[in-house]
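Be aware that the sequence shown starts at 867, since it is given in our numbering, and climbs by one per residue. Note that beta-carbon positions come from the ideal geometry of N, C-alpha and C, so glycine has one too. Remarks on the structure that follows.
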Amino acid sequence: MNALGELGYCVVPEIALTIVQEQEQRGGNLYPWTDLQAFMEAVLVRNIQAYGSARAMRSPVFFDRGLPECLAHMRLLGLRIEPGLAAEAARRRYAGTVFVAEPWPDIYVCDRWRRAPFERAARSFEPTVAAYIEDGYRLRTIPQRSVRERLAFVLETVRADT
867 MNALGELGYC VVPEIALTIV QEQEQRGGNL YPWTDLQAFM EAVLVRNIQA YGSARAMRSP
927 VFFDRGLPEC LAHMRLLGLR IEPGLAAEAA RRRYAGTVFV AEPWPDIYVC DRWRRAPFER
987 AARSFEPTVA AYIEDGYRLR TIPQRSVRER LAFVLETVRA DT
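Written as structure tokens, this is what we have:
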């Protein structure tokens, strides 16, 4: 995502990480480790808003995470999904091809914002990716190679799809 942004492509960063960083800067308390339900609802709402904001951006727009994945993650965590928000999310569709990055321990980083160990983060891969398949998206797995090679793969795929 950083490499795409550096090349001038429009990118929408990971909303959950953005919220955590904002809360830290403001001295807030909306974190997944303090109130997971409220946090994930905020992530869902912000993902819906980000989708709307992206409509004004130059195409293609790359999202770090999407609405199907957010909803799947909430289901995986056993959280309530307000029906109105689920309906709002369902009305928003991305491009037909979704890029997925398989769990890759060599580049996974735990820090003060990302506290989940690799094994726990990796467990969410299959169920969240399955949500895109269920919603009719075509998946393209990004190869576990250098940033330059991953970037080339994504851009070549986007060019071939247009």
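| request: Apply the 10 Å Cβ neighbour rule to N868 and answer buried if 16 or more other Cβ atoms are within range, or exposed otherwise. | output: When all chains shown are included, N868 counts as exposed.
| task | Could you tell me if I885 is buried or exposed, where buried requires 16 or more neighbouring beta carbons within 10 angstroms of its beta carbon? | result | Buried, by the Cβ-count rule.
| Check whether F991 and E968 have beta carbons under 8 Å apart | E968 is positioned such that its CB atom lies closer than 8 Å to that of F991.
| Less than 8 Å separating the beta-carbons of R946 and Q903? | Note that the C-beta distance between R946 and Q903 is below 8 Å.
| query | Looking only at its own chain, which residues have a Cβ that is under 6 Å from the Cβ of T1023, when we skip the five neighbours before and after it? | reply | These residues qualify, in order along the chain: R1006.
| When we look at the beta-carbon of M906 and count the other beta-carbons within 10 Å, is it buried (16 or more) or exposed? | Burial call: buried.
| query | Roughly how many angstroms separate the alpha carbons of A988 and N895, rounded to a whole number? | reply | Between A988 and N895, the C-alpha separation is close to 26 Å.
| said: Here's a check: name, in chain order, each residue in its chain whose Cβ is nearer than 6 Å to the Cβ of R1004, leaving out the five neighbours to either side. | reply: Contacts found: G962 and T963.
| query | So the alpha helix (DSSP H) R1006 belongs to, where does it begin and stop? | reply | That residue, R1006, is in no alpha helix (DSSP H); its beta strand (DSSP E) goes R1004 to T1007.
| Same chain, Cβ closer than 7 Å to A882, five either side skipped, listed in chain order | Contacts found: V909.
| message | Give me, in chain order, the residues of the same chain whose beta-carbon lies closer than 7 Å to that of Q887; leave out the 5 immediate sequence neighbours on both sides. | response | Leaving aside the five residues that flank Q887 on each side, the residues in its chain whose CB is nearer than 7 Å to its CB run, in chain order, W979.
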